[in-house]
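Residue numbers (my numbering): 18 to 412.
Notes for the one structure printed next.
Right under this line is the structure:
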């Protein structure tokens, strides 16, 4: 049997894995029930695995550690969302796999099963990475700190995302690919403005941090249009401001601004981070105040390697018809912590389109309590992931 034929024959098993994982969503770095299920299935496949003391991540090796080593990565954490889907395998624990990570882990198990049967053909190695903590952007860094790309030394990485997160409408089961940026950087920030409190009747004796915050927000919001190229999508957005006690006659001495910055270029990201610091300080100083900008989270963009994409496409065409493979026209401004791996090794991040309507006939987006996917096409992801490993490391 070909990889495609065997992957399709494995479809029911992949669906079973996905639905079992869907019932036990866990969030963050610690997903013990999820990890236990994956470890049990790896045991049943005869694949040795490694766990880690500080998180629930799992790695497993197939083939040989010497030579070319290809990494396949799947995130496995859920979200703190109460599920509304009326399906027999719905979650009941107050959390939900509302982003498809259950499907990602199931597809990787499927690829593992396909590769295990062909392990003798592998000249190199395949490392399976089951990662927690993607939603809060902590998991990839935790696993990198544990040396998952170094022991063994990984040559390339491949990963897939299901649903409609790519933003391009396509038939369910369609594989979407793109060279270059596919996810933006995700950089949250906090600005603390310090002024001088006083009575509202004598504002000239005070320094209003609210006025300074207003000037900072206005200047930073317009900075993208003035100082960055339209060829690289970028955005600075403000999501919160806190100041004052609620009394109309008190000018507070402090204000805090919360927001985020996203872009699809490492160079533009570094430029904006530097300029935001300069503009923030200058605007505050112009009002007689001071301000400190802190980047709380700075996840880089996911940028696909052109050669890795070409290798991935050659493998995909062995598993899927040309009609089921489409080039992605636009990248998303969402963030993904696979970016941390891709700054260390070249890789390809692709998408399997399979979002479907809820019972009310409406299609709900990722992170919605009514997010639904068609899991009958997950075998396609498993097949393509297995095939690219065989092409890269097989005889």
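Backbone N, C-alpha and C define an ideal beta-carbon position, used for all residues, glycine too.
As the structure is a prediction and not an experimental result, all values here were calculated from the model.
Buried or exposed by the 16-neighbour rule on C-beta atoms within 10 Å, applied to residue i
i: residue 176; result: buried
i: residue 358; result: buried
i: residue 282; result: buried
i: residue 346; result: exposed
i: residue 254; result: exposed
i: residue 212; result: buried
i: residue 353; result: buried
i: residue 199; result: buried
i: residue 61; result: exposed
i: residue 68; result: exposed
i: residue 105; result: exposed
i: residue 266; result: exposed
i: residue 167; result: exposed
i: residue 97; result: exposed
i: residue 137; result: exposed
i: residue 195; result: buried
i: residue 29; result: exposed
i: residue 279; result: buried
i: residue 263; result: exposed
i: residue 286; result: buried
Sequence-distant residues of the same chain with beta carbon closer than 8 Å to residue i, five excluded per side
i: residue 296; result: 233, 236, 237, 240
i: residue 187; result: 193, 343, 370
i: residue 324; result: 363
i: residue 349; result: 182, 183, 184, 199, 200, 201
i: residue 191; result: 341, 342, 343, 369, 370
i: residue 311; result: 206, 207, 208, 209
Those residues which DSSP pairs with residue i across a bridge
i: residue 396; result: Answer by DSSP bridge pairing: none, since residue 396 is not bridged.
i: residue 92; result: 148
i: residue 297; result: Beta-bridge pairing links residue 297 to no other residue.
i: residue 204; result: 278, 315
i: residue 367; result: 177
i: residue 142; result: 80, 86
i: residue 57; result: For residue 57, which the question treats as bridged, DSSP gives no partner whatsoever.
i: residue 309; result: 209
i: residue 197; result: 321
i: residue 67; result: 76
Residue i versus residue j - alpha carbon distance
i: residue 331; j: residue 405; result: 8 Å
i: residue 270; j: residue 226; result: 6 Å
i: residue 284; j: residue 244; result: 13 Å
i: residue 411; j: residue 133; result: 12 Å
i: residue 22; j: residue 338; result: 13 Å
i: residue 215; j: residue 317; result: 42 Å
i: residue 383; j: residue 42; result: 15 Å
i: residue 51; j: residue 355; result: 20 Å
i: residue 230; j: residue 223; result: 15 Å
i: residue 76; j: residue 19; result: 26 Å
i: residue 179; j: residue 242; result: 33 Å
i: residue 333; j: residue 392; result: 18 Å
i: residue 37; j: residue 124; result: 13 Å
i: residue 64; j: residue 121; result: 18 Å
i: residue 365; j: residue 397; result: 16 Å
i: residue 152; j: residue 135; result: 33 Å
i: residue 189; j: residue 273; result: 44 Å
i: residue 413; j: residue 54; result: Residue coverage of the chain in this structure runs from 18 to 412, which leaves residue 413 outside it and unanswerable.
i: residue 33; j: residue 25; result: 14 Å
i: residue 111; j: residue 306; result: 44 Å
i: residue 303; j: residue 290; result: 20 Å
i: residue 367; j: residue 402; result: 10 Å
i: residue 15; j: residue 309; result: Outside the displayed span of the chain (18 to 412) sits residue 15, for which this structure offers no information.
i: residue 100; j: residue 48; result: 18 Å
i: residue 172; j: residue 381; result: 37 Å
Min CB distance residue i to chain B below 8 Å
i: residue 56; result: The question asks about chain B, but that chain is absent: this structure has only one protein chain.
Beta-carbon contacts of residue i that lie in its chain and below 6 Å, excluding the five residues immediately before and after
i: residue 275; result: 207, 256, 257
i: residue 127; result: 27, 31, 399
i: residue 335; result: 404
i: residue 181; result: 372
i: residue 252; result: 279
i: residue 261; result: 269
i: residue 205; result: 277, 313, 314
i: residue 39; result: 106, 114, 119
i: residue 163; result: 69
Beta-carbon proximity list for residue i, same chain, < 7 Å, skipping 5 on both sides
i: residue 71; result: 159
i: residue 320; result: 197, 198, 359
i: residue 408; result: 328, 331, 332
i: residue 139; result: 79, 80, 81, 410, 411
i: residue 220; result: 268
i: residue 217; result: 265, 266, 267, 268
i: residue 90; result: 146, 148, 174, 176, 355, 358
i: residue 46; result: 72, 73, 149, 150, 155, 156, 159
i: residue 58; result: 34, 126
i: residue 376; result: 103
Worksheet item: Counting only runs that start and end within the stretch 23–48, where is the alpha helix (DSSP H) found for 4 or more residues in a row?
Response: 28–39
Item to complete: Would you list, in sequence order, the uninterrupted alpha helix (DSSP H) runs of no fewer than 4 residues that lie entirely inside the stretch 206–265?
Response: 226–244
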